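Report on the following structure.
Numbering (the working numbering), first residue to last: 1012 to 1468.
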């Protein structure tokens, strides 16, 4: 039962609002029309009663009640007064219109009206309704006491009913015109009000969440839609941030997984190149297993950080052993001298895997640009821990310092070194997620110096 009316409803918001406005206006117009026509009919009836009493009062002036029997004084040009007028003396009919027989329905109704005390009016229903009103006379000397005669005047209500019907027809026509205008103006007003929504919808379908910089809130729209635009802009910013974070995570994973994957590929190529002895094969298998574990650690570390849990991961790590392991892993494939110096009892309040992911990109960057050596120096720094990564290379160009930690930026993309410019931003982001930071020290006298600060364990 509810499906049919629901299908008949307009499908657009403009159509539904227009229909609501039309229904409201129709209800209001029906009430107003009914009240107006009721008042108009009452007013026309009062006009008819006033005219009847005026005519009856004029006839009363011609009735002589000082004599018995009561008689009517004939006056010149009183034919108009005698039209539809009855005169009663008590129950005796003194005079009646020639068009109304003494025993007719109209005369009997006039007799009933005359029998009523005081002034009284009734309507005789029919195809041509007639209104009758009685006006009693009193003693001409005192104008008091019981009436000695009653004048009843009658009037056809057809002209008044025609006027009332004309008013009803005119009001209905006006109602129809008002409803049509209401519907048209409502559709026009709602359409203009919803124009910014259509523009926002079209723009949203065309925009790219990353490339487009156009804002919903810049549209010229009413306050409510402007607030909606601001909310959509905030939602779009969050989507852009999520997509940027996803791209950054993808880049960081590919950057960090490149080295262990290269080790696995090299070991497999070495195994398939020619037959190897059992000890060599076991060594290759061990290297592949270590690289696979390193890949798993990298994935776990980056994914935990992406989920926002890196800064809450429990555990402490002795810093020097981690630095020595990083140095040993890279010493076999690099001619640069790698050394670890500083205090041997430094403990950082971060997990071991997270510390490796912070220091590793800085070490790889130092090896890429060092001339002869790279030094990893550890020490306590107040309530925290500091790790300095120093190299004796050319240092960072002054024009590139401001862009040093921006993802995807490299000082010299054509320097022949591999890299996507993601290692330093990754190290800083991981350090900050653990409550620390990574900084570049531009005042170092030679080469480059990067400093990692972490909470103490």
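Backbone N, C-alpha and C fix where the C-beta goes; we use that ideal spot for every residue, glycine too. Quick caveat, the model's predicted, so the values are computed rather than measured.
Inset, instruction - Output the distance between the C-alpha atoms of residue 1466 and residue 1295, rounded to the nearest integer angstrom. - result: Counted from its first residue, the chain shown places residue 1466 at position 455. Counted from its first residue, the chain shown places residue 1295 at position 284. If you take the alpha carbons of residue 1466 and residue 1295, they lie about 38 Å apart.
Legend entry - Among 1456, 1035, 1461, the one whose alpha carbon lies nearest that of residue 1448: As a first step, residue 1448 must be located in the chain shown, where it is residue number 437. With distances taken between Cα atoms, residue 1448 lies closest to 1461.
Inset, instruction - Look up residue 1110 in the DSSP assignment and say whether it is helix, strand or coil. - result: Within the chain shown, numbered from 1, the residue matching residue 1110 stands at position 99. Looking at residue 1110 - three-state DSSP - the assignment turns out to be coil, as it is neither helix nor strand.
Inset, instruction - Counting only the same chain and skipping the five closest in sequence on each side, list residues whose C-beta sits under 8 Å from that of residue 1201. - result: Here the question's residue 1201 lines up with position 190 in the chain shown. Excluding positions up to five away in sequence, the list reads 1024, 1025, 1028, 1029.
Inset, instruction - Take every Cβ of the stretch 1050-1062, pair it with every Cβ of the stretch 1162-1172, and state whether three or more of those distances are shorter than 8 Å. - result: yes
Legend entry - Neighbourhood of residue 1278 by C-beta, 7 Å cutoff - its chain only, sequence neighbours within 5 removed: On the chain shown, residue 1278 is found 267 positions in, with the first residue counted as 1. Closer than 7 Å at the Cβ level, and outside the excluded window around residue 1278, lie 1295, 1298, 1299.
Inset, instruction - Mark residue 1332 as exposed unless 16 or more other C-beta atoms lie within 10 angstroms of its C-beta, in which case mark it buried. - result: For the purposes of this step, residue 1332 is taken as the residue at position 321 of the chain shown. Per the 10 Å Cβ criterion, exposed.
Inset, instruction - Would you check if there are 3 or more beta carbon pairs closer than 8 Å linking the stretch 1096-1104 to the stretch 1113-1126? - result: yes
Inset, instruction - Closer than 7 Å by C-beta to residue 1050: which residues in its own chain qualify, once you throw out the five before and the five after it? Chain order, please. - result: As a position in the chain shown, residue 1050 is number 39, starting the count at 1. Excluding positions up to five away in sequence, the list is empty.
Inset, instruction - Look at the alpha carbon of residue 1367 and the alpha carbon of residue 1289, and state the distance between them as a whole number of angstroms. - result: Position 356 of the chain shown, counted from the start, is the residue given in the question as residue 1367. Position 278 of the chain shown, counted from the start, is the residue given in the question as residue 1289. Taking the straight line joining both Cα atoms gives about 32 Å.
Legend entry - Pair within 8 Å by beta-carbon distance, residue 1033 and residue 1193: The residue you call residue 1033 lines up with position 22 of the chain shown. The residue you call residue 1193 lines up with position 182 of the chain shown. Result yes, Cβ atoms of residue 1033 and residue 1193 sit closer than 8 Å.
Inset, instruction - From the DSSP output, in three-state form, read off residue 1296 for me. - result: Position 285 of the chain shown holds residue 1296. Of the three classes helix, strand and coil, the one that applies to residue 1296 here is helix, per DSSP.
Legend entry - 8 Å Cβ shell around residue 1022 - same chain, five flanking residues per side excluded: One-based indexing of the chain shown puts residue 1022 at position 11. Same-chain partners within the cutoff: there are none.
Legend entry - Secondary structure of residue 1455, DSSP reduced to three states: Here the question's residue 1455 lines up with position 444 in the chain shown. Coil.
Inset, instruction - Would you check if the distance between the CB atom of residue 1182 and the CB atom of residue 1047 is smaller than 8 Å? - result: For this step, residue 1182 is matched to residue 171 along the chain shown. For this step, residue 1047 is matched to residue 36 along the chain shown. Their beta carbons are under 8 Å apart, which means residue 1182 touches residue 1047 by this criterion.
Inset, instruction - Pull up the DSSP beta-bridge partners for residue 1192, would you. - result: In the chain shown, the residue the question calls residue 1192 occupies position 181. Per DSSP, none; premise fails for residue 1192.
Inset, instruction - Compute the beta-carbon to beta-carbon distance between residue 1360 and residue 1389, rounded to the nearest angstrom, for a pair I have assumed lies under 8 Å. - result: Taking the first residue of the chain shown as 1, we reach residue 1360 at position 349. Taking the first residue of the chain shown as 1, we reach residue 1389 at position 378. Not a contact, Cβ separation roughly 14 Å.
Legend entry - Through-space distance from residue 1417 to residue 1457, alpha-carbon basis: Translated into the one-based positions of the chain shown, residue 1457 becomes position 446. Translated into the one-based positions of the chain shown, residue 1417 becomes position 406. One C-alpha to the other measures close to 23 Å.
Legend entry - residue 1392 to residue 1454 span [Cα, whole Å]: In the chain shown, residue 1392 corresponds to position 381, counting from 1. In the chain shown, residue 1454 corresponds to position 443, counting from 1. Distance between the alpha carbons of residue 1392 and residue 1454 is about 19 Å.
Legend entry - Cβ neighbours of residue 1342 in the same chain (closer than 8 Å, five flanking residues each side left out): What you label residue 1342 is simply residue 331 of the chain shown in a count that begins at 1. Correct list, in chain order: 1349.
Legend entry - DSSP-derived helix/strand/coil call for residue 1435: Position 424 of the chain shown, counting from 1, holds the residue named residue 1435. Three-state result, residue 1435: helix.
Inset, instruction - Output the distance between the C-alpha atoms of residue 1437 and residue 1204, rounded to the nearest integer angstrom. - result: Within the chain shown, numbered from 1, the residue matching residue 1437 stands at position 426. Within the chain shown, numbered from 1, the residue matching residue 1204 stands at position 193. Distance between the alpha carbons of residue 1437 and residue 1204: 48 Å.
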